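Throughout the sequence shown, residue numbering follows my numbering, covering 4 to 214 in sequence. Cβ coordinates follow ideal geometry from the N, Cα and C atoms, glycine included. Small disclaimer: the values here were computed from a predicted structure and weren't measured. Everything on this sheet refers to the single structure shown next.
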Amino acid sequence: MTQNLLKLNDNKTDILYLASPHCVKSLKTPALQMGSSSITPNGSVKNLGVIFDQCINMHEHVTSVCRAAYYHLKNIHRLKVFLTQESLLTVVHVFVTSRIDYCNSLLYVISDYNINRLHLIQNSAARIVTNTRKYDHITPILQKLHWLPVIHFKILLITYKSINDMSPEYLCELVSIRKSSRKLRSSSQILLQVQVSRLKSYGDCVARVIW
């Protein structure tokens with residue numbers, strides 16, 4: 004840490020022990036001595052605005068995002084009559100959708116329940132921006148606004164930048180465009196080479212799957 008000009012603050016240090024859901028209850032979490040302070044492990048910690056829990060299921064982070072987003076949506080709904088369409092879209096992006104998009108590539112493998120909670124926020128924001136009624140179909144509205152699904156947005160953005168050499172080299176190396184020896188109807192499309200993966204979350208193959 005000294006070489007990187009960093010200093011460890013004992014009073015602001017948190018410890019989080021990680022385990023799978025079926026092992027977390029039996030996990031031993033001893034306190035650690037850090038300098039003159041005894042640090043007790045926490046059930047969750049916040050790092051760069053993202054809340055991590057012991058099982059990395061991101062439930063607490065999604066709850067925090069939903070709470071803040073609905074608070075701002077409620078206030079925006081009251082004030083939207085005083086805003087132009089362009090200003091309304093900017094305010095919604097600053098206070099709501101930016102919170103959903105922040106580090107959302109970490110949320111790719113979370114539960115369907117938590118994904119739906121984030122989608123409901125996105126749908127509510129779209130209804131406010133377009134003044135759409137509650138029971139109107141939301142898919143055409145999202146397409147009109149060019150809003151991608153919450154979980155896919157960040158990964159697809161990184162993939163696009165990697166294809167166009169706008170990302171660091173280590174990311175560009177993970178993406179390879181599919182090349183066919185025969186002339187097919189799909190030859191004009193930019194398709195990625197998908198590797199076989201034994202994991203449900205696909206690991207580093209996820210960009211190729213959802214592209």
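Asked	Found
DSSP-derived helix/strand/coil call for Leu109	helix
Beta-carbon proximity of Ser40 to Asn14, cut-off 8 Å	yes
Where Gln36 falls: helix, strand or coil (DSSP)	strand
Residue(s) in a DSSP beta bridge with Ser41	Gln36
Residues bridged to Asn12 [DSSP beta-bridge criterion]	According to DSSP, which records beta bridges pairwise, Asn12 is partnered with nothing at all.
For Ile124, the nearest candidate out of Val95, Lys28, Cys26 and Phe85 (CA to CA)	Val95
Asn50 in three-state terms, based on DSSP	strand
For Phe85, the residue or residues it bridges with in DSSP	Paired residues: none, contrary to the question.
For Asp168, the three-state DSSP class (helix, strand or coil)	coil
Sub-8 Å separation of Leu110 and Met37 beta-carbons	no
Cβ neighbours of Lys147 in the same chain (closer than 7 Å, five flanking residues each side left out)	none
Pair within 8 Å by beta-carbon distance, Thr32 and Pro24	no
Option in Lys10, Asn7 and Phe55 with minimal Cα separation from Ala22	Phe55
Rounded straight-line distance, which links the Cα of Thr135 to that of Ser67	26 Å
CB of Ile144 within 8 Å of CB of Lys83, strictly	no
Exposure of Asn117, with buried meaning 16 or more beta-carbon neighbours within 10 Å	buried
Endpoints, alpha helix (DSSP H) assigned at Tyr116	Asp115 to Thr133
Inter-residue CB distance, Asn107 and Ile166 (contact presumed, cutoff 8 Å)	In fact, because the Cβ distance is near 20 Å, the residues do not count as touching under 8 Å.
8 Å Cβ cutoff met for Val27 and Gln57	yes
Thr162 to Pro171 span [Cα, whole Å]	11 Å
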